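Chains as they are written, first to last, in the working numbering: chain C, 5 to 98; chain V, 627 to 935. What follows is a single structure, written as C-alpha cells, with notes after it.
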C-alpha cells in the first residue's frame, strides 16, 4: 500500500503571467512526480500541488529561484490519511 | 449496516458496503427505487445506476453521477446521502414529489468502481481508471478526458503516466462507454449532472473551448441561483461559470459531451473543500457537504422540471 509520509501539499497564490508560465513548466518536470490538485491557469485561482517528500527540496529551490511565494497547506499527508483510516476503522466497529 | 436506518451516512465506506446499501435502499422503497446494472468495469466490477421512478416508460430524466475521479471521496459519499434523501423525501416534499410524478432520476454513485476500490487498497490519491496502457508502465486513463467532446484537444495529456491522460481513443474506457451507451439508448435525458470534489465550483460547458455555449446565459442564471441556495446554509462560497473560464481548458469532459448530445442542462459540481484537507475531507463534513449540495441540486432539478424542452 502506497505511503505518503512527508508529502506536502503547497498552495501558491499566483501573482503574474510569468509565475503561471514558470509553474506550467514545473508541470512538465516528470521526474519530480508532482500531483497538481489545482493547475496553474490564471491569477484568479490558487495552485495546489502535492509534492512528494523526495522532491521537496528541488521544488522549493525552483519556486525560490523564480520568486514564487508559497504556503504549506498540508504538512504531512500521511498523518491525515492515518487519521482517516483510524476513523474508518472506528466507524466499521460501530 | 444492512438497513438504511442504521447506515452511517457520515462515514466513508468501501465499494462493497455502498453496493450492499443500494440493495437495502431498493428493498426499503421498492415502488420508487430500482437498481440497474449498466455494464462491467475494466476489472469486471458491476456498474450500477439507481433509478428513481414512479412509472411510465422512458420519461424525461435527470442523470447524476458521482465518483468519476476515484480519490474525490466526498463525491460518492454525497451521492449516497442524496439517494437516500430523494427516496425518503418522495411523498413528503411537494416539489420533489411533483418532479418524480412526471420525471425519472438516475444516479450512478460509483462511476469509477475500479479506481474507488484502488483508493481503498493501494493508493488513496488515485484519480484515474485502472486499465492497462499498452507500451507503458503506467496504468489508467482520466475518465473525464475520455469522452467524445473534442477528444485529445487542449487540457488533456497524451502521456499515459499523466493524471489527465485522455486515453487511446474517445470512449476507450469501458466505464465511460457504459454510461454513453446507457444515456444514448435511453434518449430522453434533459439534465446531466456530474459531481466532483475539490475547490467549490459549479460549472457548465464548455471545457474544451472558452467560447460560450448557446445556452450560456440561461445556464449561468440557473447555476448562480442554485449556488445562492447552497451558500445560504453554511456560507460555503462557490464560483459559477464555464469549465474553461473558471478552472482551465479541458477537453474530453463528460458535460461537454452531454451538452453536445442535446442535453441542455449539463452541469458539473466541485464540492468542498478549500484546500485545507484536499481529498481527505474529514468524514464529519460529509453530511454538511451533502446537505448544502442538495439545495443546489434540487434547484437545478426543479428548474429542469419546470422548463421542459
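Glycine included, every Cβ here is placed at the ideal spot set by N, Cα and C. Since the structure is predicted, the reported quantities are computational estimates derived from the model, not experimental observations.
(message) Could you check whether residue 931(V) and residue 676(V) sit closer than 8 Å to each other, using their CB atoms as the reference points?
(response) Taking a C-beta distance under 8 Å as the contact criterion, residue 676(V) and residue 931(V) do not qualify as a contact pair.
(message) When you compare the CB of residue 41(C) with every CB in chain V, is at least one pair closer than 8 Å?
(response) yes
(request) Using a Cβ cut-off of 8 Å (strictly closer), state whether residue 825(V) contacts chain C. (result) yes
(message) What does the alpha-carbon distance come out to for the pair residue 909(V) and residue 817(V)?
(response) Spanning the two alpha carbons is a distance of roughly 29 Å.
(request) Rounded to whole angstroms, what's the CA-CA distance from residue 80(C) to residue 58(C)? Just pull it up for me. (result) 13 Å
(request) Examine chain C for any beta-carbon lying closer than 8 Å to the beta-carbon of residue 906(V), and answer yes or no. (result) yes
(message) Between residue 9(C) and chain V, is the shortest Cβ-Cβ distance under 8 Å, so that the two count as touching?
(response) no
(request) With DSSP collapsed to three states, give me the class of residue 735(V). (result) If DSSP states are grouped into helix, strand and coil, residue 735(V) belongs with coil.
(request) Measure the alpha-carbon distance for residue 646(V) versus residue 839(V) and round it to whole angstroms. (result) 40 Å
(message) Between the alpha carbons of residue 712(V) and residue 853(V), how many angstroms are there, rounded?
(response) Residue 712(V) and residue 853(V) have their C-alpha atoms some 19 Å from each other.
(message) Output needed for residue 640(V): all residues of its chain with C-beta closer than 8 Å, excluding positions within five of it in sequence on either side, in chain order.
(response) 743, 746
(message) Could you check whether the Cβ of residue 28(C) sits closer than 8 Å to any Cβ belonging to chain V?
(response) Closer than 8 Å: no.
(request) Identify each residue in the stretch 81-96 of chain C for which the Cβ-Cβ distance to at least one residue of chain V is less than 7 Å, and report them in chain order. (result) 84, 85, 88, 91, 92, 95
(message) I want to see whether chain C comes within less than 8 Å of residue 638(V), judged by CB atoms only; does it?
(response) By this cut-off, residue 638(V) is an interface position.
(message) Taking the alpha helix (DSSP H) that residue 754(V) belongs to, which residues open and close that run?
(response) Residue 754(V) -> no alpha helix (DSSP H), and no H or E assigned at all.
(message) DSSP three-state label for residue 925(V), please.
(response) helix
(message) Counting only C-beta atoms, is residue 78(C) closer than 8 Å to chain V at any point?
(response) yes
(message) For residue 823(V), tell me which candidate among 901(V), 654(V), 934(V) has the shortest Cα-Cα distance.
(response) By alpha-carbon distance to residue 823(V), the top candidate from 901(V), 654(V), 934(V) is 901(V).
(message) Would you call the stretch 785-797 of chain V in contact with the stretch 659-676 of chain V, where contact means no fewer than 3 C-beta pairs closer than 8 Å?
(response) Between the stretch 785-797 of chain V and the stretch 659-676 of chain V, the count of C-beta pairs closer than 8 Å stays below three; the two stretches do not touch.
(message) Beta-carbon within less than 6 Å of residue 47(C)'s beta-carbon, same chain only, minus the 5 sequence neighbours each way: which residues are those?
(response) 18
(message) Contact criterion: CB-CB distance below 8 Å. Does residue 791(V) meet it with respect to chain C?
(response) no
(message) Counting only C-beta atoms, is residue 641(V) closer than 8 Å to chain C at any point?
(response) no
(request) Compute the Euclidean distance between the alpha carbons of residue 836(V) and residue 875(V), then round it to the nearest angstrom. (result) So the alpha carbons of these two residues sit roughly 7 Å apart.
(message) On a Cα-Cα basis, can you pick out the residue from 877(V), 798(V), 866(V) that is closest to residue 832(V)?
(response) 877(V)
(request) List the residues of chain C that residue 874(V) touches, going by C-beta distances under 7 Å, in chain order. (result) 43, 45
(request) Could you pull the start and end residues of the alpha helix (DSSP H) that residue 635(V) belongs to? (result) Here residue 635(V) belongs to no alpha helix (DSSP H), and DSSP marks it neither H nor E.
(message) Strictly under 8 Å for the Cβ-Cβ distance: is residue 740(V) near chain C by that measure?
(response) no
(message) So, under 8 Å CB-CB, residue 929(V) and residue 866(V) are touching, yes? Tell me the CB distance rounded to an integer number of Å.
(response) Actually they do not touch by this definition, with Cβ atoms about 14 Å apart.
(request) Check whether the Cβ atoms of residue 821(V) and residue 701(V) sit closer than 8 Å, and answer yes or no. (result) yes
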